[in-house]
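Colleague: Counted from 1, the sequence shown has number 502 at position 502 by UniProt numbering; the numbering is strictly sequential. All C-beta atoms, glycine included, are put in the ideal place defined by N, C-alpha and C. Here the structure is a predicted model, which is why all the values come from computation and not from measurement.
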Amino acid sequence: MGSGLAKQQRRGSGGGRRRKKMTETTSQDALASAGEEEEEEDPDFEELRPPEVDPMAEMLDCGGADAALQGGGDSVDVLPRGGTCFAFSRVHDPSCSLLTPNRLLTLPDCPIEVQIVSIERDHSSTHILYPNLYVIELRHGDFQWSIRRRYKHFQQLHQQLQMYRAAMSIPLPTKRHRERRRSYREDNNARRPLPRFPKKPESLLSQEEVQQRAEQLEAYLSNLVMVPAYRMNPHTMQFLEVSHLSFVGGLGPKGREGLVYKRSGGHHSARGCVRLHFVFYQCCSRWRKRWLIAKDTCVLYVRPRDGVIKSVLLMDQGFQVQSGFMATGVNHGLLVTNLTRNLLVKCWTKRKEREWKDHLQELAKTSGQDFTRPNRYDAFAPVRTASRCRWYIDGSKYCEAVANAIDLAKEEIFIADWWLTPEIYLKRPVVPNNRWRLDQLLQKKAEEGVKVFVLLYKEVEMALNINSLYSKQKLAAMHPNIKILRHPDHMTGGILLWAHHEKLVVIDQNFAFLGGLDLCYGRWDDFNHRLTDVGGIQMQRQISKSEQPEVNTSMNEVANRLLASHRLRKQRESGGGDATLTQGYGTNDAVDGDGDGTQPVGGSDVDARRRGRHSSVPATGIVNGGAVYVDQEEGKVVVGDDGSSRIASNLQRARRVFRAVTVSFVLSIVVLRVRSYTAGQGHNPVLACFARKFDVFSSLLSSPYVVVSLSTLHATTPAATPRRYGMLTLAPVLQGMQAFHRQNRRGSLDSLGDPSEVPRSELRACSLEDDLDVEGSAKYWLGKDYTNFIFKDLTEVDNPFVDIVDRNVTPRMPWHDIGAAVSGAAARDIARHFVQRWNFTKFEKAKQHENYPWLLPKSYQDVELETTLPECAVGILYTADCQNQFFITLEQGNGTVENQIGEALFQRILKAHRNKQNFRVYVVMPLLPAFEGEVGTDTGTAIQAITHWNYASMCRGNSSIIERLRAADVPDPTKYIDFFGLRKHDELHGKLIQELVYVHSKMMIVDDEVTIIGSANINDRSLLGRRDSELAIVVHDTDREKSVMDGRHYLAGRFAGALRRTLFREHLGLLESDGSASGIDIRDPVAASFYDGVWRTTARRNSQIFEKVFRCIPSDSVRTFAGLREFTAVPGLAESDPEQARAELREVRGHLVDMPMDFLAEETLTPASGTKEALMPVALWT
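Pasting the structure below:
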């Protein structure tokens, strides 16, 4: 009673006001208050009253609200009142300290339910004073967890809160503060029961009083968490094992959490001396206090002072938990290991060490068992049943689906690519405002709060021109929510030969796309596989044959290169030393200069009759029936008599631009005079600078075209899509102006600092269009997206809208590829793969950069890879459709190539032959590798090396599959396996052209039941698991449909069967119909009537027509370099008789052609001795 009176005296006038308020309450309230007064007098309990003032209000007055609420951040994840969990996006919000009061650690207006479910008594001498261990179950929203505490832990918490209350009782001398203190005190004292802590020591309790003590502690803790000031106190949160990541939806159940000491280091690293690293780790590493968190499939720890995640360990097949001094070297130590990290932590007591070990091992055996135990095919993820999957043939549908998914993203976007170009258009034709351009789409989502993470392969710049640095800088400068990392660092990491080759896009860890398609130039295509794209440009007048521009194809290019290689080899063999190309196509100057770029290598006369200077042809377009063209000499836009007045008025702006170009003629004369003057007077910096600044205008005058498109095109579905507006594209003008301002990059910009360090001239928005509000069509492939990699590889990727080849002369190379999309648990697996790669790169390159966060995998609670290929091949029963960029696989034990795809196919074919079974393997691959390398020169011989290994695997040498089958008494191996390619023909400005369709797919369909789609090629780089990084999925159909296989009724998978039939229709030219009109039944790929009567017959006929019309290479007619020269010297029908050639081409069906098996069969295609390629390891090519 004395203490109660003292408290009332300290309250002063506030006590009188409280008594007045109490007289106005009901009798029930009065009885409750009287009971509280009686309880206060109980000497066995100590009441813990709320603080005199709301601590959060104090922080608001002091300007510290941000620090209290979010650890200095600038955004708060707002949760509806009474919500059951925080949104997953909370993991990316600014972190908050675990050492200061924070009301955002728990769900607002959601109670914490407390129950002591059992008591464990320790009879050992270790805990004489506190023998009882209370098991407490807590529930908060959707989360339930348990903790174990002794009486001393309650006592320590009570003392800390008493000190906290005393500190908050110190008044501030302001009227506003006094009023707030009074209202807060009255409000808290009138509402809730107060926590009353039992003071009697446990050692004095009898056995019968232990259960009563448990009820007292339960009541104490229940009342404590109802007081906001105590509930958000950091000591209470530590007692309850709560952090800012405890109640986040998507991270799974709330696991065990708590403070530990962590020793620095422990990451697995392949660099440096192992023994020195071990000594340094043992002697020089430091111990730091960290908050350890266990989730269902991962373990992470955060820094308590700011809540920043410092590392994440994913559970994998190397996950182990060890404890004890013998295993860890420290008392109460715990060693957590996975394939990438050894995490050594030290707990406070032996009991906590044991509890952590038991909890982590239990997680590994339950929720984490999908990743800790061996899976089928040794995959990192298990078989996911009832998964939804969809396939995409060619890039148009794939990119459209990716664009739609990105547009729906709410939390995260993961992108991993071997090559990514920010300016790629995902939907075409291009619409105004660039809505579906990748960089603009990502910027839009980033502005909406979505976090975008991009992981790119960091190329060896001397070998590849993909310029991932530009891609990183361009995207990073668009918004802070876009984070990009490149990997690996080749020199410091010691990785020179291998690459990150997987391609994936993950949306919110719920939807995932993968396959062979990078989001980069040249990948977008559809089943038409167009060879040309000149927009709305049409010829104004009939061009005579002598005036027709030269049309370059990869056939001409490869012929010149192969002959140059043969000539160079002969020179070296005869002791002539290294050959030097001083003129011709083999030099960069010839390609980039003012000439036509078709001069022969080293004076070769191949296709000399096709060479000649380009004629100056006005470019025209048809707009609403009226001819519109650009007069290159006059520098004017001309509209025909039947053109509309709307067009004419809209072209006024374009005329102003072209007047500026006309003025440049006069300025160029001035420049010439300046140059003459400087030549006579010596170097003059001022005049030289003046001359350089006007060099840009000379490039405008040599441009082959200016107007891109002005023809009319309506949307295919007018009801759903508005009419698209055309663009008048002034590419040379704008690109010239960009070149005028561009500065050379100096030094490395691959830093992790502020993106503002990147020069704005390098990263400004790129646009070609001057929108004249004219109805018309846009090009499908803008700028460098119009590619022919065999003719010319990409350069200057940072100038995206400047053509790399002349589209009026060179046909594009069509691109055939396959992708897939998955959802649910399978998508989480792919997201987990990205998280693993990102976190590893984060550790290696940005460990201390908190702007690049550690990523967390989502839980599998609410919702097979590369080595699968050989085993699936062994299990084939009837047929396999294999489409791949390479076919490099030799017999087992050959000593060079290790993957066993070829061995598995050989054994299965041999079994079918001996059992007299029908069995088919369809292999579709590129006719030639798409490498530009200057064959036989110092720039490399990649195209020859890859061709050699492909043929060595197919049909040349004792280790090839065809020769091995013949040696095993299989008279006609092509009865079981055959190889094919794809080729397309078209017309460009009235001239017949052709080009191979580059097969970039990485797919296999087995028995219309099992499908493998991914990024892995059939070579050792992809399949051994220790070279290039890859990703693939194996789809087993569970949904069946009636079909036919080998002449018998068969239940085929809907996924695999539909994919194979669609591919066959595309290759055979049957996509416009179901095949019934021509009597073709594609259901049974094993039947001889289809395999021989349709598939092989079509390929053979198409190959013969293409060779007759175009004299294409590769060809079985070319066995030597001398034969190549003779073959290309004879013109095809396309030049000698175009009309007859068109009649022949009308008989071509689809794109399917034979793979020539005898092409350069009598020549050596391996790198010539003396070249730098010959010094490279064979593993680089295989």
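For the 8 Å Cβ check, are there 3 or more pairs between the region 775 to 795 and the region 351 to 363?
Modeller: No, because fewer than three Cβ pairs between the region 775 to 795 and the region 351 to 363 fall closer than 8 Å, the two stretches do not touch.
Colleague: Given a cut-off of 9 Å on the beta-carbon distance, is the pair T100 and V242 in contact?
Modeller: No, the pair does not count as a contact, with Cβ atoms beyond the cut-off.
Colleague: Does the Cβ of residue 1238 have 16 or more other Cβ atoms within 10 Å, making it buried, or fewer, making it exposed?
Modeller: For the chain, the structure presents residues 1 to 1182; residue 1238 sits outside this window and is missing.
Colleague: Grouping DSSP H, G and I as helix and E and B as strand, with all else coil, what is V674?
Modeller: In this prediction, V674 scores a pLDDT of 37, lower than 50, which makes its location untrustworthy; no coordinate-derived value is stated.
Colleague: If we count Cβ pairs, one from each stretch, closer than 8 Å, do we get three or more for the region 159 to 167 versus the region 251 to 259?
Modeller: No: fewer than three Cβ pairs fall under 8 Å.
Colleague: Which value, in whole angstroms, describes the spacing of the CA atoms of V1178 and W949?
Modeller: Taking the straight line from one Cα to the other gives about 10 Å.
Colleague: Where does R812 sit, in a helix, a strand or coil, going by DSSP?
Modeller: Of the three classes helix, strand and coil, the one that applies to R812 here is coil, per DSSP.
Colleague: Taking 6 Å as the limit between beta carbons, can you name the residues of its chain near E1162, skipping five residues before and five after?
Modeller: Here the set comprises R1119 and T1120.
Colleague: Take E137 and list the residues in its own chain whose beta-carbon comes closer than 6 Å to its own, dropping the five residues that flank it on each side.
Modeller: Same-chain partners within the cutoff: Q115, V117 and S146.
Colleague: Within a Cβ cutoff of 6 Å, which residues of the same chain sit near C882, ignoring the five residues on either side of it in sequence?
Modeller: Only V923 and M1004 meet the Cβ criterion.
Colleague: On the CB-based measure, 16 or more other CB atoms within 10 Å of its CB, does S859 come out buried or exposed?
Modeller: That one is buried.
Colleague: Please classify F325 as buried or exposed, where buried requires at least 16 neighbouring CB atoms within 10 angstroms.
Modeller: That one is exposed.
Colleague: Below 8 Å on the Cβ atoms is my guess for D508 versus A409; work out the distance and round it to an integer in Å.
Modeller: That belief holds up - the Cβ atoms of D508 and A409 are roughly 6 Å apart, short of 8 Å.
Colleague: So, helix, strand or coil for Y470, using DSSP?
Modeller: Helix at Y470.
Colleague: For Q861, count neighbouring C-beta atoms within 10 Å of its own C-beta (all shown protein chains included) and say buried if the count is 16 or more, exposed if not.
Modeller: Its Cβ having fewer than 16 others within 10 Å, Q861 is exposed.
Colleague: Would you check if the distance between the CB atom of R303 and the CB atom of L531 is smaller than 9 Å?
Modeller: Result no, Cβ atoms of R303 and L531 do not sit closer than 9 Å.
Colleague: Alpha helix (DSSP H) containing I962: first to last residue?
Modeller: It spans I961 to A967 - the alpha helix (DSSP H) in which I962 sits, taken as one unbroken run.
Colleague: Check the Cβ-Cβ distances between N894 and every residue of chain C, and say whether any is below 9 Å.
Modeller: This model lacks chain C altogether, as it is built from one protein chain only.
Colleague: For R103, tell me which candidate among Q156, P201 and H235 has the shortest Cα-Cα distance.
Modeller: Here the closest residue by C-alpha is H235.
Colleague: Would you mind stating whether P929 and G981 have Cβ atoms separated by less than 9 Å?
Modeller: Cβ atoms of P929 and G981: not closer than 9 Å.
Colleague: What's the C-alpha gap between L855 and L475?
Modeller: For L855 and L475, the distance between alpha carbons rounds to 19 Å.
Colleague: Starting from F414, trace the beta strand (DSSP E) in both directions and tell me its first and last residue.
Modeller: Its beta strand (DSSP E) spans residues E412 to D417.
Colleague: How long is the line joining the alpha carbons of R354 and G258, rounded to whole angstroms?
Modeller: When rounded, the distance between both Cα atoms is 14 Å.
Colleague: Which partner residues does G515 have in the DSSP bridge list?
Modeller: DSSP, once it has assigned bridges, lists G819 as partnering G515.
Colleague: What does a CB cutoff of less than 8 Å around F143 pick up in its chain, not counting 5 residues either side in sequence?
Modeller: The answer, listed in chain order, is C85, S246, F247, P253 and K254.
Colleague: Cα separation between K397 and A846?
Modeller: Between K397 and A846, the C-alpha separation is close to 36 Å.
Colleague: Taking 8 Å as the threshold, find out whether the region 480 to 489 comes into contact with the region 450 to 461 through three or more Cβ pairs.
Modeller: Because the criterion of three Cβ pairs below 8 Å is met, the region 480 to 489 and the region 450 to 461 touch.
Colleague: Please return the same chain residues whose Cβ sits closer than 6 Å to the Cβ of S203, not counting the five positions on each side in sequence.
Modeller: Cβ neighbours of S203 beyond the five flanking positions: L129.
Colleague: Measure from the alpha carbon of D93 to the alpha carbon of each residue in K357, G449 and S1001, then state which is nearest.
Modeller: The shortest Cα separation from D93 among K357, G449 and S1001 belongs to G449.
Colleague: If you drop the 5 nearest sequence neighbours on each side, which residues of the same chain put their C-beta closer than 7 Å to that of S960?
Modeller: These residues qualify, in order along the chain: A952, S953 and M954.
Colleague: Can you tell me which of the three DSSP states V758 falls into?
Modeller: In this predicted model, V758 has a pLDDT of only 39, less than 50, meaning its place in the structure is not dependable; the value taken from the coordinates is given anyway. Looking at V758 - three-state DSSP - the assignment turns out to be coil, as it is neither helix nor strand.
Colleague: Straight-line CA distance for L469 to F834?
Modeller: Approximately 20 Å between the Cα atoms of the pair.
Colleague: For V135, name the three-state secondary structure that DSSP assigns.
Modeller: DSSP places V135 in strand when its eight states are reduced to three.
Colleague: Is it right to say E864 is buried, meaning 16 or more other beta carbons lie within 10 angstroms of its own, or is it exposed?
Modeller: With a pLDDT of only 42 at E864, under the threshold of 50, the placement of this residue in the model should not be trusted; the figure read from the coordinates follows. Counting Cβ neighbours within 10 Å, E864 comes out buried, since at least 16 surround it.
Colleague: Kindly identify the DSSP beta-bridge partner or partners of L504.
Modeller: A416 and L514.
Colleague: How far does the beta strand (DSSP E) with S311 in it reach, from first residue to last?
Modeller: Run containing S311: I309 to L314, per the beta strand (DSSP E) assignment.
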